[in-house]
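Under full-length UniProt numbering, the first residue of the sequence shown is numbered 1, with each subsequent residue one higher.
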Amino acid sequence: MGVDNSLRLEEFRNNFRVEVISLTEDDMEFDMIGIDAAIANAFRRILIAELPTMAIEKVLIANNTSVVQDEVLAHRLGLVPLKVDPRLFNYKSENDEPNEKNTIVFKLHVCCERGSSRIKVKSNELKWLPHGSEFILGTEKAAADSTSKTKTYTSFNCSQDSLPEFVNNPIAPKHDDIILAKLGPGQEIELEAHAVKGMGKTHAKWSPVATAWYRMLPEIVFLQEIEDEKAEELVKKCPVKVFDIEDIGKGKMIAGPGLFSKLLILSLMHLNWLFTAKVIIHLSTGSRCMLFVGQVEREQLWQDLVRVLSVANASEEMIGISLWPFGA
Numbered sequence: 001m002g003v004d005n006s007l008r009l010e011e012f013r014n015n016f017r018v019e020v021i022s023l024t025e026d027d028m029e030f031d032m033i034g035i036d037a038a039i040a041n042a043f044r045r046i047l048i049a050e051l052p053t054m055a056i057e058k059v060l061i062a063n064n065t066s067v068v069q070d071e072v073l074a075h076r077l078g079l080v081p082l083k084v085d086p087r088l089f090n091y092k093s094e095n096d097e098p099n100e101k102n103t104i105v106f107k108l109h110v111c112c113e114r115g116s117s118r119i120k121v122k123s124n125e126l127k128w129l130p131h132g133s134e135f136i137l138g139t140e141k142a143a144a145d146s147t148s149k150t151k152t153y154t155s156f157n158c159s160q161d162s163l164p165e166f167v168n169n170p171i172a173p174k175h176d177d178i179i180l181a182k183l184g185p186g187q188e189i190e191l192e193a194h195a196v197k198g199m200g201k202t203h204a205k206w207s208p209v210a211t212a213w214y215r216m217l218p219e220i221v222f223l224q225e226i227e228d229e230k231a232e233e234l235v236k237k238c239p240v241k242v243f244d245i246e247d248i249g250k251g252k253m254i255a256g257p258g259l260f261s262k263l264l265i266l267s268l269m270h271l272n273w274l275f276t277a278k279v280i281i282h283l284s285t286g287s288r289c290m291l292f293v294g295q296v297e298r299e300q301l302w303q304d305l306v307r308v309l310s311v312a313n314a315s316e317e318m319i320g321i322s323l324w325p326f327g328a
């Protein structure tokens, strides 16, 4: 189609840009113009697998008389997104003691009284324990030696809610209405859930995005000029509204930005038949990326993504451009 796919650094510096289409609490959509699909795919893979988040890794179950098996309940807890900035925590290795800088502890204790109706156990029942675990470790030893300090499953030196970053920003599940289990009369669940820092390449529960995907942005080319009545007819017949009329004496047809979809392709195939093959479509070097994210601040997610890509390849200073689309 006459498209030059070779990479020249100077052209990349001059032509590459990022345009944010929409940015909400739960999703982000942006255009990356002037890059190859391989780089767009690198962004997608980094978002899915290489950005850290906090997720529940260990579940200590003291009592579970519900119909949900222990391992199934633990798996459901691991998938509950947490409202916390992972940059404030360290990674925990196998030999590290759980402390206030690498572990978050939640408590869940729900009981359905006999004679009452069934209840739903939701994620809002997960209560943050800023002082650490309340489950005693080594009960027999502590009982034998009354002078010894009671040891729990964590070793917090201070309470997490006393740290400046959490004073006005308590840790909690991102959503309060996630159903974890249902309890019948007389059933009870009591457990502790310990969350640590990890990446999606280890387990999907640490992935900060629900889905991340990209698609090629199309470029519509007119083989011949379409004017006057034909232009008006084409605007009316195209259902996806990607055409407009430029008023310069004669009504000249121009192509506006449009989404690449099966509907657009089918429409153009039909319109080509009507207008004797005067319109063609090919994929440009721009890529439109739609990212559905939901656990961390959107702008920070982008910064972390670029940082990972820079470490793997070259820094922004070496490339000579800025990948930050939101301003300083």
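Note that the Cβ used here is the ideal one computed from N, Cα and C, for glycine as well. Just so you know, these numbers come straight off a predicted model, no measurement behind them.
Considering only the beta carbon of each residue, do residue i and residue j sit closer than 9 Å?
i, j, result
"glycine 198", "arginine 118", "no"
"glycine 132", "threonine 150", "no"
"alanine 40", "lysine 201", "no"
"aspartate 85", "proline 130", "no"
"alanine 193", "phenylalanine 89", "no"
"residue 329", "leucine 77", "Within the shown structure, residues of the chain are numbered from 1 to 328, placing residue 329 beyond reach of any answer."
"phenylalanine 43", "leucine 234", "no"
"glutamate 125", "valine 110", "yes"
"leucine 180", "isoleucine 61", "no"
"valine 67", "lysine 182", "yes"
"tryptophan 206", "threonine 103", "no"
What residues are listed by DSSP as bridge partners for residue i?
i, result
"lysine 58", "His194"
"isoleucine 104", "Ala195"
"histidine 109", "Glu190"
"leucine 183", "Ile119"
"alanine 172", "Lys83"
"asparagine 63", "Glu190"
"glutamate 53", "Before going on, a small fix: residue 53 reads as threonine here, not glutamate. For threonine 53, which the question treats as bridged, DSSP gives the partners Gly198."
"valine 167", "For valine 167, which the question treats as bridged, DSSP gives no partner whatsoever."
"tryptophan 128", "Phe106"
"lysine 151", "Leu137"
Could you give the distance in angstroms between the alpha-carbon of residue i and the alpha-carbon of residue j?
i, j, result
"cysteine 112", "isoleucine 56", "25 Å"
"lysine 120", "histidine 175", "15 Å"
"leucine 47", "valine 20", "17 Å"
"residue 340", "isoleucine 35", "Given that the chain is displayed from residue 1 to residue 328, the structure contains no residue 340 and the question cannot be resolved."
"asparagine 63", "leucine 23", "43 Å"
"asparagine 15", "isoleucine 33", "7 Å"
"lysine 101", "leucine 163", "10 Å"
"asparagine 95", "arginine 87", "21 Å"
"proline 98", "glutamate 10", "49 Å"
"serine 116", "alanine 210", "37 Å"
"glutamate 71", "lysine 58", "11 Å"
"methionine 216", "phenylalanine 12", "17 Å"
"lysine 122", "alanine 172", "13 Å"
"glutamine 303", "leucine 51", "10 Å"
"alanine 204", "isoleucine 189", "25 Å"
"valine 167", "phenylalanine 30", "34 Å"
"tyrosine 91", "valine 80", "19 Å"
"proline 257", "arginine 17", "Any answer about proline 257 is weak, because its pLDDT of 48 lies below 50 and its placement is not dependable; what the coordinates show is given next. So the two alpha carbons sit approximately 16 Å from each other."
"methionine 253", "aspartate 228", "Model confidence at methionine 253 stands at a pLDDT of 48, short of 50, so the residue's coordinates are unreliable and nothing is read from them."
"glutamine 295", "asparagine 169", "Any reading at glutamine 295 needs caution, since the residue's pLDDT is 42, under 50, leaving its predicted position unreliable; the model's value is listed next. Going by the C-alpha atoms only, they are around 15 Å apart."
"residue 340", "glutamate 225", "There is no way to answer for residue 340, as the model of the chain reaches only from 1 to 328."
Would you mind working out which of the options sits nearest residue i, comparing C-alpha positions?
i, options, result
"alanine 38", "Glu225, Trp213 and Ala231", "Trp213"
"isoleucine 178", "Leu73, Asp85 and Gln187", "Leu73"
"aspartate 27", "Met216, Phe12 and Leu301", "Leu301"
"tryptophan 128", "Ala231, Ala195, Leu180 and Gln187", "Ala195"
"glycine 186", "Thr65, Ser6, Val308 and Ala231", "Thr65"
"valine 308", "Arg45, Ser93, Asn157 and Glu165", "Arg45"
Counting only beta-carbon atoms, is residue i nearer than 9 Å to chain B?
i, result
"alanine 49", "Here there is only one protein chain, and chain B is not present."
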